[in-house]
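Under numbering that gives the first Met the number 0, the residue at position 279 of the sequence shown is numbered 278, and the numbers go up by one with no gaps. Built from N, CA and C at the ideal position, the CB exists for glycine as well. First comes the structure, then the notes that go with it.
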Amino acid sequence: MSAPVELAVVGGGIVGATLAALAAQQARIEPARIVLIEPAAPVAPAAQESIDLRVSAFAPAGIALLTQVGAWPLLDASRLGVCERMRIWPEHLPPDSPDALVFDAAELGESQLAVIAENRAVQAALLARCAALGVRVLPHRVTHLSFADDVARLEVNGETFDAQLVAGADGAESAVRAAAGISVHRRGYQQLAIVAVVRPSRPQPGVAFQRFVSTGPVALLPLPGGDCSIVWSAQEPRANELLALDDAAFAAELTRVTTEVLGNLQMVSRRAAFPLRRLAAQRYIAPNCVLLGDAAHVIHPLAGQGVNQGLLDAQALVAALVSRPRGEGIAALSALRRYERERRAGNALMGGMVDTLDRIFSRPTGLPARIAAAGMGLVNRNLIARRFFFRQAAAGRS
Ligand SMILES: Cc1cc2nc3c(=O)[nH]c(=O)nc-3n(C[C@H](O)[C@H](O)[C@H](O)COP(=O)(O)OP(=O)(O)OC[C@H]3O[C@@H](n4cnc5c(N)ncnc54)[C@H](O)[C@@H]3O)c2cc1C
0 MSAPVELAVV GGGIVGATLA ALAAQQARIE PARIVLIEPA APVAPAAQES IDLRVSAFAP
60 AGIALLTQVG AWPLLDASRL GVCERMRIWP EHLPPDSPDA LVFDAAELGE SQLAVIAENR
120 AVQAALLARC AALGVRVLPH RVTHLSFADD VARLEVNGET FDAQLVAGAD GAESAVRAAA
180 GISVHRRGYQ QLAIVAVVRP SRPQPGVAFQ RFVSTGPVAL LPLPGGDCSI VWSAQEPRAN
240 ELLALDDAAF AAELTRVTTE VLGNLQMVSR RAAFPLRRLA AQRYIAPNCV LLGDAAHVIH
300 PLAGQGVNQG LLDAQALVAA LVSRPRGEGI AALSALRRYE RERRAGNALM GGMVDTLDRI
360 FSRPTGLPAR IAAAGMGLVN RNLIARRFFF RQAAAGRS
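Below, the structure is given as structure tokens:
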């Protein structure tokens, strides 16, 4: 039996590693009494490597948190795609319609709207920070977890740990969630998200585009040098057709669907596809256990908010732990309940908003889509409204 630990974070993805680093900095816990368990730690991409397929758009609140834990400054700035402008338009309008929604950082008084970063670069930077802060990082999988006598007992690579609190940040198929007996509400969108990197013939560095098409939204996110990362969500039959096309035919179809907004698009990477689903844990806490990130909630990527919401979970959880009364242990239910109340409400709102957008725009000629498109036009004509919506998104609020 190893020395007892206070906090065992299962899953060192972006969310779990942020939690471990922030807890080591702030949560009144000795870093040596925090363990972070991650079996698939990535290596940071080398300078000459091409940009990875898996990227995320980080909102200003997420960037601020990653900066606070010291991970953001470790990223290679030449591999980041800074998004200064964003154009969003529905299927029945041209991209340059006055009713298309445009967010412009300069006009909103901001330096940037979001930054596109490679998931594995961010994760590697966070894991390096955790180790530097004195967190014990274990490169293994949790093979067994049980709860009894006010502790969580974990088995990792033949070692057994007793932890006061286990934080499940082990993704959508969370084993921690299952071991804690927390049930989950699931719904498939019957869509796949296809991701790839493309090179436009008329690049617009710093600008992101998203078109809502009846089969699902398609986004072009700016990468360094004018290339774009695409997230093309499409209903399964259509997505499978797209995946069966050769590179040239796929690029031609993408060029058509994005209405040549960046000219002709050419593939510069392979394609990968991810099934899309909505997932919501019924509870975020159980005795000696707390969930966060995709283990607690998964949403459609159309608003680019999944990991950003997970980062807000990590921040709210550490804030709740910090404010626990002196003398109370880290698993004190009063603090965990505060976290659960705040984040379940925030995540439910964001998930609902994303679902509504997906439903409305999947029937672009229907009345709700027309009303929403008219709403976009109204927002677009009003700087105060645009500023309001940007501030909400920047802070990760729906
Ligand atoms: C196509 C696509 C595009 C997206 N784009 C965006 C975007 O632009 N912006 C955004 O905010 N979000 C985006 N998301 C969502 C985002 O990718 C996820 O919300 C985010 O990766 C979740 O992070 P996480 O750390 O909670 O979980 P994960 O990334 O799933 O990490 C879980 C970790 O747990 C580890 N693990 C699992 N089981 C065990 C075990 N038994 N023991 C120990 N460790 C274990 C795994 O190895 C893994 O590293 C996108 C999602 C998709 C599908």
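- Excluding the 5 residues flanking it on each side, residue 205 has same chain C-beta neighbours closer than 7 Å at 81, 82, 83, 84 and 221, in chain order.
- Taken in chain order, the region 308-379 contains no complete beta strand (DSSP E) segment of 3 residues or longer.
- When the five nearest sequence neighbours on each side are left out, the beta carbons in the same chain lying within less than 6 Å of the beta carbon of residue 289 are those of 166 and 335, in order along the chain.
- By the criterion of a C-beta distance shorter than 6 Å, residue 178 is surrounded in its chain by 144, once the five residues flanking it on both sides are discounted.
- Beta-carbon to beta-carbon, residue 79 and residue 121 are separated by about 10 Å, too far to satisfy the 8 Å threshold.
- Cβ-Cβ distances below 7 Å link residue 150 to 161, 162, 163 and 287 in the same chain, with the five nearest sequence neighbours on each side left out; the list follows chain order.
- Per DSSP, the continuous beta strand (DSSP E) segment holding residue 279 begins and ends at 271-280.
- At a cut-off of 4 residues, the continuous stretches assigned as alpha helix (DSSP H) that sit fully inside the region 94-175 are 104-107 and 118-132.
- Note that the C-beta distance between residue 119 and residue 44 is below 8 Å.
- Excluding residues up to 5 positions away in sequence, 83 lie with their Cβ nearer than 8 Å to the Cβ of residue 105 in the same chain.
- Distances from the CA of residue 388 to each of 86, 102, 34 and 369 were compared; the closest alpha carbon is that of 102.
- In this structure, the beta-carbon distance from residue 20 to residue 68 falls below 8 Å.
- For the region 176-262, the full-length alpha helix (DSSP H) segments reaching 4 residues or more read 235-243 and 246-256 along the chain.
- For residue 61, the uninterrupted alpha helix (DSSP H) segment begins and ends at 59-67.
- For residue 239, the shortest separation between its Cβ and any heavy atom of ligand 1 does not lie below 7 Å.
- The straight-line gap separating the alpha-carbon atoms of residue 115 and residue 147 is approximately 43 Å.
- By the neighbour-count criterion, in which 16 or more other beta carbons inside 10 Å mark a residue as buried, residue 42 falls on the exposed side.
- Segment contact: the region 265-278 against the region 172-191, three or more CB-CB distances shorter than 8 Å; contact assigned.
- In terms of Cβ geometry, residue 301 and residue 235 do not form a close pair [threshold 8 Å].
- Taking the CA atoms as reference points, residue 293 sits about 26 Å from residue 27.
- Taken atom to atom, the span from the alpha-carbon of residue 258 to that of residue 252 is near 10 Å.
- Not one heavy atom of ligand 1 lies closer than 7 Å to the C-beta of residue 339.
- For residue 296, the pairing in a beta bridge is given by DSSP as 279.
- Around the Cβ of residue 95, a 10 Å sphere holds fewer than 16 other Cβ atoms; the residue is exposed.
- A Cβ-Cβ distance of about 17 Å is found for the pair residue 256 and residue 196, leaving them out of contact under the 8 Å criterion.
- Within 7 Å of the C-beta of residue 391 there is not a single heavy atom belonging to ligand 1.
- Residue 200 and residue 261 have their C-alpha atoms roughly 7 Å apart.
- At least one heavy atom of ligand 1 is found less than 7 Å from the C-beta of residue 300.
- At the C-beta level, residue 350 and residue 296 come within 8 Å of one another.
- Not one heavy atom of ligand 1 falls within 7 Å of the beta-carbon of residue 156.
- The DSSP assignment places 13-25 as complete runs of the alpha helix (DSSP H) inside the region 7-34, in order along the chain (cut-off: 4 residues).
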